[in-house]
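These protein sequence lines are chains X and C, in that order.
Take 142 as the starting number for the first sequence in the numbering used here and just add one per residue.
Take 142 as the starting number for the second sequence in the numbering used here and just add one per residue.
Number of protein chains: 2
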Amino acid sequence: MSAFHWRCSATCGHARAGMLKTAHGDVPTPTFMPVGTAGTVKAMTMDSVRSTGAGIVLGNTYHLMLRPGADRVAALGGLHKMMDWPGPILTDSGGFQVMSLGALRKLDQDGVTFQSHIDGSKHRLTPEISTQIQHKLDATITMAFDECPALPATPENLRKSMELSMRWAARSREAFVQRDGYGQFGIVQGGTERDLREYSVRALADIGFEGYAIGGLAVGEGQALMFETLDYTAPLLPPDRARYLMGVGTPDDLLGAVERGVDMFDCVMPTRAGRTARAYTERGTLNLRNARHANDTRPLSPDCDCLACARHSRAYLHHLFRADEILGPMLLTWHNLAYYQRLMRTIRAAIIADDLPETARALRAGWASEDWTPDEMPYPDLS
Amino acid sequence: MSAFHWRCSATCGHARAGMLKTAHGDVPTPTFMPVGTAGTVKAMTMDSVRSTGAGIVLGNTYHLMLRPGADRVAALGGLHKMMDWPGPILTDSGGFQVMSLGALRKLDQDGVTFQSHIDGSKHRLTPEISTQIQHKLDATITMAFDECPALPATPENLRKSMELSMRWAARSREAFVQRDGYGQFGIVQGGTERDLREYSVRALADIGFEGYAIGGLAVGEGQALMFETLDYTAPLLPPDRARYLMGVGTPDDLLGAVERGVDMFDCVMPTRAGRTARAYTERGTLNLRNARHANDTRPLSPDCDCLACARHSRAYLHHLFRADEILGPMLLTWHNLAYYQRLMRTIRAAIIADDLPETARALRAGWASEDWTPDEMPYPDLS
């Protein structure tokens, strides 16, 4: 087993195609990681996740430490074995979720004390504890423990928060047990302040991680400001390490971020949307609860090979959601994850073929043509 | 395509092994039909239903006529195509569900007028309408429209109800469009009154159906009375036609009914139990929410090849139910249906091998040994 690393295969503008090499297998990038919060990608079997072409999934430290508990996951053979995913798993540090608890958490310089949203029990996370928990979960990629402030925030508060996160990053690195094929990512903070982002990147690069995440975005600042932040942050990052934009996003967000040099993504959007009747397609989004789908015999996407598109009509999916049948969320989550994976493969192929700008135009034109009718359904040509 | 028929392959006592030949494929009997109420076996893809070995599934006329509507199902290519089940489908007549509506329905000699439980809209079912709807759904096996009285009932009320059902059976037969490989079953009524059951069987045999169902049982009378009713009813039925006991039941119910000459079953038990953390196994039932499973690394059943048993521990299933994850119901429904199908295969093989009594003893001994511990888990030898 060799060391965990990312190798660049091709570039197109700032966009990069590459390969992540890990103890649990290789992952072509750019890649989208389905979110498996509590040790399951909601409404999916792992066989169906695999069938979409996903190469790496994400687990949430906060949820798993509370239930079933890190020691229990370890006793069950680790997260890979417990959830039937032998491939790479990235776990977040718990920082983001804990910060979202509001009144239920108390921050100090050493870490955070918080109450479980499940039973009110008291718990503590520090850089050391978070790193140890991720070790027990057997995370292929461990994330540094950070503080993620809500935006908007004053520059002064952003600076204090970022500096705390950088001290915690150093402690996280110290606590990380290096193993062949395993890696740890530092997380760039600093909100939408350029000087803070620059400081944060330098601080993390000085510590040295196997990869770098950009945190603190997609928290309400809007796509334009997020892209602007990526424009100046991504080029500062070490070019030979993978870059991961946390918690992002829509298909359009992913495309724009890849164009700005990002390699990895995670987001609950495709899975959450799948449970609420919202479908992502080459031609924008559809709400399957809408009455206009009731008699539509077409599949969601003619080019999609997911089970929903291969075997069922939009009318059937509409029926399942109207009847509150579990199969609705099952099929639509599958479809959305299949679409996200197909999108990443399309983008990756375009980078390698050095024609990302053209592919990007075709993708955006497709997403903009939301109002299709049964008679006109020209799909963008991405062959 | 030849005519719909059932052929007996072997008998053991009153128990029969046979083959149901239909336009949509052959089904070895005894068989258990998973319930696909609204055009989906809840929490299952049809691929997973197929993987359990199920040969025929059931659809509910009442639910489907209200949503998505019989004409819409027909426009979508029929129930087989809509739900991705090219195999045989049996639809009930809607009679049982309508009777359960209580104050929302009004019975007359011609049929039943009722209000939808979904939106309160008014609908009507008669023998003719029910038969036509099942035709539109493209049911492989159409059920006669009957009245199913709740037990206990006075003999006089049971007699009146049964006589009405027999008149409706004749009208249902009249309305049925005969097609190669399609069949219609009459339904024996009469509660637990022997003379009424005898009268009902004669009336139906005089009309002539491709198969015969025993209705009006498993409605509160208890297993002993149900078996007693089967003891005198089944032998009266034409020996060359399939026999279907409606809405039954537990594994022990199925075994006892097969021993009394029944060939076909349907029940929501394995699917409903799967959604509420209850597992059926060779060693009785387990409640996966119970804390004793939290650290249990064993599969539910060592001999089961369902996804839950092949890849996951009881501890993981426990975790999924505690965390209200959709994958819990998905995996446990799969397991329960796999168990029911395996049970039917075991029973069928025992009939063919002419050793059903011995197999039945081993099965019952297994179910009775509910309280297993990790150290002692001797499974009944059914090889």
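We treat Cβ as the ideally placed atom computed from N, Cα and C, and that holds for glycine.
(message) Let me check one thing: in DSSP terms, what residues is Trp475 of chain C bridge-paired to?
(response) What you label residue 475 of chain C is simply residue 334 of the second sequence in a count that begins at 1. Looking at the DSSP assignment, Trp475 of chain C forms no beta bridge with any residue, so it has no partner.
(request) Report buried or exposed for Val318 of chain C, applying the criterion of at least 16 other Cβ atoms within 10 angstroms of its Cβ. (result) Translated into positions along the second sequence, residue 318 of chain C becomes position 177. Exposed is the call here.
(request) At 4 residues or longer, and completely inside the stretch 287-327 of chain X: list those alpha helix (DSSP H) runs for me, N to C. (result) Runs of the alpha helix (DSSP H) inside the stretch 287-327 of chain X: 296-316.
(request) Identify each residue in the stretch 263-285 of chain C for which the Cβ-Cβ distance to at least one residue of chain X is less than 8 angstroms, and report them in chain order. (result) Answer in chain order: no residues at all.
(message) Taking its Cβ as the centre, do 16 or more other Cβ atoms sit within 10 Å of Leu395 of chain C, making it buried, or is it exposed?
(response) Against the second sequence, residue 395 of chain C aligns to sequence position 254. Leu395 of chain C counts as buried, since no fewer than 16 other beta carbons sit within 10 angstroms of its beta carbon.
(request) State the Cα-Cα distance for the pair Pro498 of chain X and His459 of chain X, rounded to the nearest angstrom. (result) Along the first sequence, read from residue 1 onward, the residue named residue 498 of chain X stands at position 357. Along the first sequence, read from residue 1 onward, the residue named residue 459 of chain X stands at position 318. Cα atoms of Pro498 of chain X and His459 of chain X: separation of roughly 35 angstroms, rounded to the nearest angstrom.
(message) Using beta carbons (cut-off 7 angstroms, strictly below), is Lys183 of chain C in contact with chain X?
(response) Against the second sequence, residue 183 of chain C aligns to sequence position 42. Taking Cβ atoms only, chain X reaches closer than 7 angstroms to Lys183 of chain C, which makes this a yes.
(request) Tell me whether the beta-carbon of Pro376 of chain X lies closer than 7 angstroms to the beta-carbon of Ala346 of chain X. (result) Position 235 of the first sequence, counting from 1, holds the residue named residue 376 of chain X. Position 205 of the first sequence, counting from 1, holds the residue named residue 346 of chain X. In this structure, Ala346 of chain X does not lie closer than 7 angstroms to Pro376 of chain X by Cβ.
(request) Give the straight-line distance between the Cα atoms of Asn428 of chain X and Leu461 of chain X, rounded to the nearest whole angstrom. (result) Here residue 428 of chain X refers to the residue found at position 287 of the first sequence. Here residue 461 of chain X refers to the residue found at position 320 of the first sequence. Answer to the nearest angstrom: the Cα atoms are 13 angstroms apart.
(request) In angstroms with no decimal places, state the Cα-to-Cα distance between Pro227 of chain X and Val409 of chain X. (result) Reading the first sequence from its first residue, position 86 is the one you call residue 227 of chain X. Reading the first sequence from its first residue, position 268 is the one you call residue 409 of chain X. When rounded, the distance between both Cα atoms is 21 angstroms.
(message) I believe Gln330 of chain C touches Phe350 of chain C by the beta-carbon criterion, under 8 angstroms. Please report the beta-carbon distance rounded to the nearest angstrom.
(response) For this step, residue 330 of chain C is matched to residue 189 along the second sequence. For this step, residue 350 of chain C is matched to residue 209 along the second sequence. Incorrect: roughly 14 angstroms between the Cβ atoms, too far for contact.
(request) Could you tell me whether the stretch 328-344 of chain X touches the stretch 257-269 of chain X, using the rule of 3 or more Cβ pairs below 8 angstroms? (result) For the pair of segments examined, the stretch 328-344 of chain X was found not to touch the stretch 257-269 of chain X: the number of CB pairs separated by less than 8 angstroms stays below three.
(message) Let me check one thing: in DSSP terms, what residues is Met592 of chain C bridge-paired to?
(response) No answer is possible for residue 592 of chain C: it lies beyond the span of chain C, which begins at 142 and ends at 524.
(message) With a threshold of 7 angstroms between beta-carbons, can Met223 of chain X be considered close to chain C, or not?
(response) Mapped onto the first sequence, residue 223 of chain X falls at position 82. Taking 7 angstroms as the threshold, the shortest C-beta distance from Met223 of chain X to chain C falls below it.
(request) Using a threshold of 7 angstroms, state whether the C-beta atoms of Gly397 of chain X and Gly357 of chain X are closer than that. (result) The residue labelled residue 397 of chain X in the question sits at position 256 within the first sequence. The residue labelled residue 357 of chain X in the question sits at position 216 within the first sequence. Not in contact: Gly397 of chain X and Gly357 of chain X (Cβ atoms no closer than 7 angstroms).
(request) Starting from Gly228 of chain X, find everything on chain C with Cβ-Cβ shorter than 9 angstroms and list it in chain order. (result) Locating residue 228 of chain X in the first sequence gives position 87, where the first residue counts as 1. Ordered by position in chain C, no residue passes the 9 angstroms Cβ test against Gly228 of chain X, which lies about 14 angstroms from the chain.
(request) Determine, using beta carbons only, whether Arg439 of chain C comes closer than 7 angstroms to chain X. (result) For this step, residue 439 of chain C is matched to residue 298 along the second sequence. With its beta carbon at least 7 angstroms from every one in chain X, Arg439 of chain C lies outside the interface.
(request) Could you name the residues of chain C that Ala464 of chain X contacts, counting a contact when the two beta carbons are closer than 7 angstroms? (result) Walking along the first sequence from the start, residue 464 of chain X turns up at place 323. Ordered by position in chain C, the residues that pass the 7 angstroms Cβ test against Ala464 of chain X are Ala179 and Arg208.
(message) Distance check for His204 of chain X and Gly219 of chain X, CA to CA, integer angstroms please.
(response) Within the first sequence, numbered from 1, the residue matching residue 219 of chain X stands at position 78. Within the first sequence, numbered from 1, the residue matching residue 204 of chain X stands at position 63. For Gly219 of chain X and His204 of chain X, the gap between their C-alpha atoms comes out near 15 angstroms.
(request) Compare the C-beta of Arg452 of chain C with all C-beta atoms of chain X and state if any pair is closer than 7 angstroms. (result) Looking up residue 452 of chain C in the second sequence gives position 311. It does; some Cβ of chain X falls within 7 angstroms.
(request) Taking the CB atoms as reference points, tell me whether Val214 of chain C and Met223 of chain C lie closer together than 7 angstroms. (result) For the purposes of this step, residue 214 of chain C is taken as the residue at position 73 of the second sequence. For the purposes of this step, residue 223 of chain C is taken as the residue at position 82 of the second sequence. Cβ distance < 7 angstroms, so Val214 of chain C and Met223 of chain C count as in contact.
(request) Let me know the secondary structure DSSP gives Arg413 of chain X once reduced to three states. (result) The residue you call residue 413 of chain X lines up with position 272 of the first sequence. Helix.
(request) Note down, in chain order, each residue of its chain lying with its Cβ closer than 6 angstroms to the Cβ of Ser313 of chain X, except the 5 sequence neighbours on either side. (result) For this step, residue 313 of chain X is matched to residue 172 along the first sequence. Only residues of its own chain outside the window of five on either side were considered, and among them Pro268, Thr272, Ala285 and Phe286 have a CB closer than 6 angstroms to the CB of Ser313 of chain X, listed in chain order.
(request) Give me the Cα-Cα distance between Gly327 of chain C and Ala420 of chain C, rounded to the nearest whole angstrom. (result) On the second sequence, residue 327 of chain C is found 186 positions in, with the first residue counted as 1. On the second sequence, residue 420 of chain C is found 279 positions in, with the first residue counted as 1. Distance between the alpha carbons of Gly327 of chain C and Ala420 of chain C: 33 angstroms.
(request) Could you tell me which chain C residues have their CB closer than 8 angstroms to the CB of Leu448 of chain X, listed as they occur along the chain? (result) On the first sequence, position 307 is the one that residue 448 of chain X refers to. For Leu448 of chain X, the residues of chain C that pass the 8 angstroms Cβ criterion are Thr186 and Asp188, in the order they occur in the chain.
(request) For Gly322 of chain X, I'd like the list of residues in its chain whose CB is within less than 8 angstroms of its CB, leaving aside the five on either flank, ordered along the chain. (result) Locating residue 322 of chain X in the first sequence gives position 181, counting from the first residue. Only Met142, Ser143, Ala144, Phe145, Lys162, Thr163, Ala164, His165 and Thr281 meet the Cβ criterion.
(message) Please report the straight-line C-alpha distance between Gly210 of chain X and Pro392 of chain C, rounded to a whole angstrom.
(response) On the first sequence, position 69 is the one that residue 210 of chain X refers to. On the second sequence, position 251 is the one that residue 392 of chain C refers to. Between Gly210 of chain X and Pro392 of chain C, the alpha-carbon positions lie close to 36 angstroms from each other.
(request) Can you grab the Cα-Cα spacing for the pair Arg104 of chain X / Gly252 of chain C, in whole Å? (result) Residue 104 of chain X is absent from the model: chain X starts at 142 and stops at 524.
(request) Measure from the alpha carbon of Cys289 of chain C to the alpha carbon of each residue in C:Cys450, C:Gly388 and C:Ser302, then state which is nearest. (result) Along the second sequence, one-based indexing puts residue 289 of chain C at 148. Across the set C:Cys450, C:Gly388 and C:Ser302, the C-alpha of C:Ser302 shows the shortest separation from the C-alpha of Cys289 of chain C.
(request) Put Cys149 of chain X into one of helix, strand or coil per three-state DSSP. (result) Stepping through the first sequence from its first residue, residue 149 of chain X is reached at position 8. Looking at Cys149 of chain X - three-state DSSP - the assignment turns out to be strand.
(request) For Val253 of chain X, name the three-state secondary structure that DSSP assigns. (result) Stepping through the first sequence from its first residue, residue 253 of chain X is reached at position 112. Three-state result, Val253 of chain X: strand.
(request) Could you name the residues of chain X that Ile461 of chain C contacts, counting a contact when the two beta carbons are closer than 9 angstroms? (result) For the purposes of this step, residue 461 of chain C is taken as the residue at position 320 of the second sequence. Looking at the sequence provided, one finds Leu at residue 461 of chain C rather than Ile. Neighbours of Leu461 of chain C on chain X, chain order: Ala179, Gly180 and Thr181.
(request) With 7 angstroms as the threshold, decide whether the Cβ of Ala527 of chain C is near any Cβ in chain X. (result) No information on residue 527 of chain C is available, as it lies outside the stretch 142 to 524 that chain C covers here.
(message) Against Asn436 of chain C, what residues of chain X qualify as contacts under a CB-to-CB distance less than 7 angstroms, listed in chain order?
(response) Position 295 of the second sequence holds residue 436 of chain C. Neighbours of Asn436 of chain C in chain X, taken as residues at a C-beta separation under 7 angstroms, are given in chain order as Arg213 and Ala216.
(request) Under 9 angstroms between beta-carbons, which chain X residues line up against Ala456 of chain C? List them in chain order, please. (result) As a first step, residue 456 of chain C is located in the second sequence; it is residue number 315 there, counting from the start. Those are Pro209, Arg213, Ala216, Leu217 and Met223, listed as they occur along chain X.
(message) Do Asn477 of chain X and Gly425 of chain X have their beta-carbon atoms positioned less than 7 angstroms apart in this structure?
(response) Counting from 1 along the first sequence, the entry for residue 425 of chain X is found at position 284. Counting from 1 along the first sequence, the entry for residue 477 of chain X is found at position 336. Going by C-beta atoms, Gly425 of chain X is not nearer than 7 angstroms to Asn477 of chain X.
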